[in-house]
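Written out below as structure tokens is the structure these notes cover.
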Amino acid sequence: MSLSGLIEEQRVKSLKQHTIWGLRGSFILAATGSAVGLGNIWKFPYITGENGGGAFVLMYLLCIAVIGIPIMMAEILMGRRARANPIMATAELCETSGASKAWTIIGWMGAFAGLVILSFYTVIAGWTLEYVQSALSGKFAGLTGETSQALFDSLLADKSQMLQWHTIFTVMTVAILALGVTRGLESSVRWMMPLLFVLLLILLAYAMVEGEFVTSLRFMFSFNPEDVSWESALVAMGHSFFTLSLGMGAIMAYGAYMPSNQSVGQTVMLVALLDTLVALIAGVAIFALVFATPGLSVGSGPGLMFVTLPVAFGNMSAGLVIGSVFFVMVMLAAWTSTISLLEPGVAYLNERFGLSRTGASVLLGVVAWLMGLGSVFSFNDWAEKDFLWGKTYFDSMDFIATNIMLPLGGVLIALFVGWKLRDEHLLHELKFESSLLLKLWRPILRYISPIAVLVILINGIFPVMRKVFVE
Numbered sequence: 284m285s286l287s288g289l290i291e292e293q294r295v296k297s298l299k300q301h302t303i304w305g306l307r308g309s310f311i312l313a314a315t316g317s318a319v320g321l322g323n324i325w326k327f328p329y330i331t332g333e334n335g336g337g338a339f340v341l342m343y344l345l346c347i348a349v350i351g352i353p354i355m356m357a358e359i360l361m362g363r364r365a366r367a368n369p370i371m372a373t374a375e376l377c378e379t380s381g382a383s384k385a386w387t388i389i390g391w392m393g394a395f396a397g398l399v400i401l402s403f404y405t406v407i408a409g410w411t412l413e414y415v416q417s418a419l420s421g422k423f424a425g426l427t428g429e430t431s432q433a434l435f436d437s438l439l440a441d442k443s444q445m446l447q448w449h450t451i452f453t454v455m456t457v458a459i460l461a462l463g464v465t466r467g468l469e470s471s472v473r474w475m476m477p478l479l480f481v482l483l484l485i486l487l488a489y490a491m492v493e494g495e496f497v498t499s500l501r502f503m504f505s506f507n508p509e510d511v512s513w514e515s516a517l518v519a520m521g522h523s524f525f526t527l528s529l530g531m532g533a534i535m536a537y538g539a540y541m542p543s544n545q546s547v548g549q550t551v552m553l554v555a556l557l558d559t560l561v562a563l564i565a566g567v568a569i570f571a572l573v574f575a576t577p578g579l580s581v582g583s584g585p586g587l588m589f590v591t592l593p594v595a596f597g598n599m600s601a602g603l604v605i606g607s608v609f610f611v612m613v614m615l616a617a618w619t620s621t622i623s624l625l626e627p628g629v630a631y632l633n634e635r636f637g638l639s640r641t642g643a644s645v646l647l648g649v650v651a652w653l654m655g656l657g658s659v660f661s662f663n664d665w666a667e668k669d670f671l672w673g674k675t676y677f678d679s680m681d682f683i684a685t686n687i688m689l690p691l692g693g694v695l696i697a698l699f700v701g702w703k704l705r706d707e708h709l710l711h712e713l714k715f716e717s718s719l720l721l722k723l724w725r726p727i728l729r730y731i732s733p734i735a736v737l738v739i740l741i742n743g744i745f746p747v748m749r750k751v752f753v754e
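Each residue of the sequence shown is one higher than the one before, starting from 284 at the first, in my numbering.
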């Protein structure tokens with residue numbers, strides 16, 4: 284038998300042994316869960332309203348089409364072709380395609396970036412647990428802007444409380460993955476994501492009745508081409524890449540569990556659609572409540588979620604109940620994201636060294652928890668300490684992973700799949716795609732996607748580098 288025949292035989296054997304999602308919809312739910320995170324709720328709605336409304340949405344969808352969807356397809360294809368974790372998948376694909384082993388950095392960098400992001404993401408996600416408790420206990424009642432800010436500041440200043448929630452959220456993440464792919468990962472997304480969608484619709488219905496719904500729609504969707512600029516184009520490009528959890532190994536790891544007869548293109552487009560819909564619906568609902576509360580103004584980031592919205596909830600009828608619904612929804616969005624961040628590393632330790640899923644999850648959970656201590660202290664004891672380029676530990680970790688490692692990984696994935704993988708391997712994995720999609724996908728992946736992500740990378744690091752080397 285020829286070498287290529289032996290490799291194909293081994294690949295088929297690996298396919299038979301590797302866990303596959305029990306239902307086709309499981310991958311869609313898992314990938315959507317990975318994509319839908321805090322940024323969908325506290326960032327995308329605001330940047331939409333501030334950068335042209337409907338005009339920005341159209342520009343963003345174009346960016347999704349030429350950046351997010353092609354690279355996500357490539358990442359899924361890598362995982363499904365090799366039926367392995369990102370590190371081993373990249374190594375196997377290098378061997379079967381005759382590419383340099385240097386390309387294996389894709390898997391290593393993605394898994395490490397995911398672990399770094401997890402270390403500080405669980406700190407922020409822990410805040411949602413505190414705010415679920417605060418909403419249920421009635422702490423939001425009668426809040427003003429000043430008292431809400433004081434409530435949030437007191438949480439950040441309390442190291443023991445921050446550490447408690449960081450620990451609990453890390454344990455929640457580890458517990459799901461320790462149960463395995465079928466009983467843990469797949470089963471969890473089957474109930475988490477439908478529940479998230481239901482809670483989102485409840486929030487929307489409440490906003491339609493109690494909030495300034497029409498004002499919110501105008502803010503989000505008024506077609507304002509005069510607000511579109513090169514800066515807003517960069518914002519759209521950046522969000523179209525980061526929102527789909529690309530470059531961190533999560534989508535590749537999930538792709539390894541994807542059934543062979545499931546269309547990659549259709550699945551990716553559905554995930555991108557769901558991710559965008561969640562962000563837009565959440566934005567309309569959130570800003571309807573903000574506009575309905577005197578003295579509040581729209582914003583983004585933690586200030587919107589943990590300062591502004593508690594004031595709105597505390598001063599509206601049934602607001603405490605809806606506040607609880609909202610923060611449970613946010614907690615679920617964060618939880619499905621943290622699970623995906625840890626999965627690549629857990630799968631690697633399990634498949635490469637035979638470590639049990641429980642052992643691998645606990646080991647990496649402890650590593651992420653220890654790395655996250657610096658982020659906990661960045662909001663209190665270390666708030667004035669500079670670690671890298673004048674940034675706190677938290678901001679340094681965020682910058683390295685998000686601004687450097689993820690876009691660099693995206694560029695490499697596009698180039699590797701676009702130029703290095705064999706045509707017959709690509710056609711085998713994409714045999715269920717339309718001929719038009721096949722004709723468009725690879726040229727876009729080869730030329731447009733890597734250049735666009737390279738622009739995102741340069742735009743992300745240039746301000747910091749200029750500050751370090753020029754100012």
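In this text, a Cβ means the ideal position worked out from N, Cα and C, and glycines have one as well.
Quick check: what's the CA-CA separation for residue i versus residue j?
| i | j | result |
| --- | --- | --- |
| residue 376 | residue 705 | 10 angstroms |
| residue 416 | residue 484 | 22 angstroms |
| residue 736 | residue 529 | 11 angstroms |
| residue 488 | residue 480 | 12 angstroms |
| residue 575 | residue 606 | 15 angstroms |
| residue 476 | residue 752 | 45 angstroms |
| residue 330 | residue 409 | 25 angstroms |
| residue 667 | residue 492 | 44 angstroms |
| residue 369 | residue 680 | 22 angstroms |
| residue 690 | residue 418 | 37 angstroms |
| residue 412 | residue 463 | 25 angstroms |
| residue 314 | residue 554 | 7 angstroms |
| residue 305 | residue 465 | 7 angstroms |
| residue 339 | residue 420 | 39 angstroms |
| residue 578 | residue 570 | 13 angstroms |
| residue 449 | residue 683 | 21 angstroms |
| residue 565 | residue 321 | 11 angstroms |
| residue 348 | residue 392 | 25 angstroms |
| residue 328 | residue 343 | 12 angstroms |
| residue 543 | residue 509 | 46 angstroms |
| residue 372 | residue 351 | 21 angstroms |
| residue 670 | residue 742 | 21 angstroms |
| residue 291 | residue 637 | Reliability of the predicted coordinates at residue 291 is poor, the pLDDT of 49 falling under 50, and the value obtained from them is presented with this limitation in mind. Roughly 23 angstroms between the two C-alpha positions. |
| residue 521 | residue 389 | 20 angstroms |
Go ahead and pull the three-state DSSP assignment for residue i.
| i | result |
| --- | --- |
| residue 310 | helix |
| residue 713 | coil |
| residue 336 | strand |
| residue 671 | strand |
| residue 527 | coil |
| residue 327 | helix |
| residue 792 | Only positions 284 to 754 of the chain appear in this structure, which leaves residue 792 out of reach. |
| residue 542 | coil |
| residue 449 | helix |
| residue 831 | Any property of residue 831 remains undetermined from this structure, which presents the chain solely from 284 to 754. |
| residue 708 | helix |
| residue 422 | coil |
| residue 660 | helix |
| residue 458 | helix |
| residue 590 | helix |
Going by C-alpha to C-alpha distance, which of the options sits closest to residue i?
| i | options | result |
| --- | --- | --- |
| residue 399 | 413, 730, 654 | 654 |
| residue 643 | 348, 422, 629 | 629 |
| residue 469 | 555, 623, 436, 547 | 623 |
| residue 640 | 407, 420, 459 | 459 |
| residue 336 | 319, 500, 444, 446 | 500 |
| residue 474 | 537, 616, 645, 728 | 616 |
| residue 583 | 313, 332, 311 | 332 |
| residue 748 | 672, 573, 651, 554 | 672 |
| residue 589 | 498, 431, 425, 546 | 431 |
| residue 556 | 714, 341, 442, 697 | 341 |
| residue 319 | 534, 596, 637, 367 | 534 |
| residue 657 | 383, 395, 407 | 407 |
| residue 494 | 426, 573, 503, 509 | 573 |
| residue 457 | 520, 585, 401 | 401 |
| residue 725 | 715, 507, 709 | 709 |
| residue 715 | 592, 545, 559 | 545 |
| residue 268 | 720, 625, 503, 467 | The chain is shown only over 284 to 754; residue 268 falls outside these bounds and no answer can be derived. |
| residue 677 | 688, 662, 687, 686 | 662 |
| residue 307 | 540, 395, 618 | 540 |
| residue 548 | 301, 326, 325, 353 | 353 |
Could you check how far apart the C-beta atoms of residue i and residue j are, in whole angstroms? I think they sit under 8 angstroms.
| i | j | result |
| --- | --- | --- |
| residue 309 | residue 472 | 7 angstroms |
| residue 323 | residue 562 | 4 angstroms |
| residue 645 | residue 461 | 7 angstroms |
Does any heavy atom of the ligand ZN sit closer than 8 angstroms to the C-beta of residue i?
| i | result |
| --- | --- |
| residue 501 | The ligand ZN is absent from the structure shown, which contains no ligand whatsoever. |
Could you check whether the stretch 593-602 touches the stretch 521-539, counting it as contact only if at least three pairs of C-beta atoms, one from each stretch, sit closer than 8 angstroms?
no
If contact is defined by three or more beta carbon pairs under 8 angstroms, each pair taking one atom from either stretch, is the stretch 510-519 in contact with the stretch 375-390?
no
Answer yes if the stretch 685-704 comes into contact with the stretch 728-746, meaning at least three C-beta pairs across the two stretches below 8 angstroms, and no otherwise.
yes
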